[in-house]
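For the sequence shown, the working numbering assigns the number 37 to the initial residue and increments by one for each residue that follows. Beta carbons: idealized from backbone N, C-alpha and C, even for Gly.
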Amino acid sequence: MDLESERLERSQLESLSTAELVRHALAETRLLVRAEVLHAKKELRDELKMARTAGILLGAGGVLVLVSISVLFVALGLALPMGAALGVLLVGVVLLAVAAGLLMVGVKRLPKKPMLHTQERLKLDYHLTRETLQ
């Protein structure tokens, strides 16, 4: 749809009745809303593309960090003054214990009822709307 073809000149607007002016204003409003929606869709598409690229780069960087930390822990295990296998095993067991502790604390902190306040507000809105319409 061509947005410019819907516009009227000032002299044309002055000759319209009030009802026609209101209709024209509503048509202009619809055009404005459509244009805003089109711009929002384009902006969202562009931002999603950038977010996808950023997510890929962040994911690759995160994996490399984990691999690097693993290599450093293996090096620490090999540097301990006991046998190489025993040192690496000891570091692995300690890290596994720390990871298990962190996982247990994380699971305990998970929300039991997600978005509780939002759910309550929606229920209240529903009941108020229902009472108003009855």
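Burial state of residue i, where buried means 16 or more other Cβ atoms lie within 10 Å
i      : result
Val73  : exposed
Val129 : exposed
Gly119 : exposed
Separation of residue j from residue i, as counted between CA atoms
i      : j      : result
Arg70  : Leu80  : 15 Å
His163 : Met151 : 19 Å
Ala111 : Val134 : 19 Å
Glu50  : Arg66  : 21 Å
His75  : Asp82  : 11 Å
Pro147 : Pro117 : 45 Å
Lys78  : Thr89  : 17 Å
Glu56  : Arg46  : 14 Å
Leu169 : Leu84  : 40 Å
Ser104 : Leu160 : 51 Å
Gly97  : Met86  : 16 Å
Whether residue i touches residue j by CB criterion (8 Å)
i      : j      : result
Leu126 : Gly113 : yes
His60  : Leu68  : no
Leu131 : Phe109 : yes
Any non-hydrogen atom of the ligand ADP closer than 7 Å to residue i Cβ
i     : result
Gly91 : The ligand ADP is absent from the structure shown, which contains no ligands of any kind.
Own chain residues within Cβ distance below 6 Å of residue i, not counting five before or after
i     : result
Leu94 : none
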